[in-house]
Amino acid sequence: MDQALFVFVAVVERGSFTRTAEELHMTQPAVSQYIAALERTSGAKLLERTNKYIRMTKAGEIVYHHAKEIIGLYARMQNLVDDLSQVASGGISIGASYTFGEYVLPHVIGRLRDRYPLIRPAITIGNTKEIAELITHHKIDVGIIEGEYEDKKLLIQPFAEDIMEVVVAENHRLHSESRATSKELQSETWIVRESGSGTREATDRLFAQLQLLPASVMEFGSTQIIKESVEAGLGITLLSQWAIRKETALGTLRTIPAEGTPVTRQFSLVTGVAPYHTKAAQLFIDLLQEGEWAAGKLLR
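Following UniProt numbering, the numbering of the sequence shown begins with 1 at its first residue and continues without gaps.
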């Protein structure tokens, strides 16, 4: 790998030639020489430097963005080569959308660590769109998303089914109904996730199916806040059974039979289209695709 790219990224992220030289065990003139060589190669000035700051030029921003990807790809390539002669070990970066990431993934990681204690997982949680973008830009090894998502640059493989139901507070009036109608659902305040999340995509699908135009909608970026709000009687929502297991066991939240429910969706594995994975990533993928997961028996 071109050492100048590595040095350039280090200078940008540390904001200092001096700190970069110290951390990379180089002299400051050597750092300057690497940056100058990269600027000659690219044919553009990449950094604006004064006594007070270091700032990327427009050309520098382009080089930085692609240098990060190149460094990540090089590291993955080296890991793949190392894996040929090593036991399962090393790091794996996993991205997951909120429902799976917060309520299911910790159990999966626990099982992975039991089998392969030398594997070191790093977890990123985001909505479905954010996780897909991290895979696209080679910033994580494996992603898990909820619901429907299409991108020709990614390999998306469903591996388990999720069930979603209408959720209300313990004492909500709809709890006494045998089956809530679309008219009753429309009169309620709905608390929903932000656009781009798998949970929001499922909620919008339910609204479209029932032709619902709720009287009031509140949008929050966290499933936990939504649960707390529903418990407080601020409205109703649609959530995965996995997200409310503790609350339903305690009796603070309840699911109700409602028209158009339950809503089913897929949990899907997302990777780049390259056919190779590190040994750690492949073992994690194999774990997800085992029979019990594919049969939809998540942790039962």
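For each residue, glycine too, the CB sits at the ideal point set by N, CA and C.
Original post:
CB-CB under 7 Å to S42, same chain, minus the five flanking residues each way: which ones, in chain order?
Top reply: A59 and V63
Original post:
Taking the Cβ atom as the reference point for each residue, do V230 and T223 lie within a distance shorter than 7 Å?
Top reply: no
Subject >> Where L299 sits in the DSSP three-state scheme >> reply: Note that L299 scores 44 on pLDDT, short of 50, meaning its location in the model is unreliable; the coordinates nonetheless yield the value given after this. In the structure shown, L299 sits in coil (DSSP, three-state: anything other than H, G, I, E or B).
**OP:** Could you check the C-alpha separation between I70 and A258 for me, to the nearest Å?
**Re:** 50 Å
Subject >> Contained alpha helix (DSSP H) runs [length at least 4] in the segment 137 to 172, N- to C-terminal order >> reply: none
**OP:** Select from D141, L118 and R254 the residue whose C-alpha is nearest the C-alpha of A232.
**Re:** R254
Subject >> Cα-Cα separation, L269 to A208 >> reply: 26 Å
**OP:** Helix, strand or coil for A232, going by three-state DSSP, please let me know.
**Re:** coil
Original post:
Given that a residue counts as buried once 16 or more other Cβ atoms are within 10 Å of its Cβ, and exposed if not, what is I140?
Top reply: buried
Original post:
For the putative contact between L174 and E165, defined by C-beta atoms under 8 Å, what is the C-beta separation to the nearest angstrom?
Top reply: Rounded, the Cβ-Cβ distance is 12 Å, inconsistent with contact.
Original post:
Should K129 and G235 be called a contact, given that it needs their Cβ atoms to be closer than 7 Å?
Top reply: no
Subject >> Nearest to I191 (by Cα), restricted to the options A169, S178, S176 and A180 >> reply: A169
Subject >> Endpoints, beta strand (DSSP E) assigned at S268 >> reply: V263 to G272
**OP:** Please classify D286: is it buried, with 16 or more other beta-carbons within 10 angstroms of its beta-carbon, or exposed?
**Re:** exposed
Original post:
Between A44 and Q33, what straight-line distance do the alpha-carbon atoms span, to the nearest angstrom?
Top reply: 15 Å
**OP:** Output the boundary residues of the beta strand (DSSP E) element that contains S42.
**Re:** No beta strand (DSSP E) contains S42, which is instead part of the alpha helix (DSSP H) from Q28 to S42.
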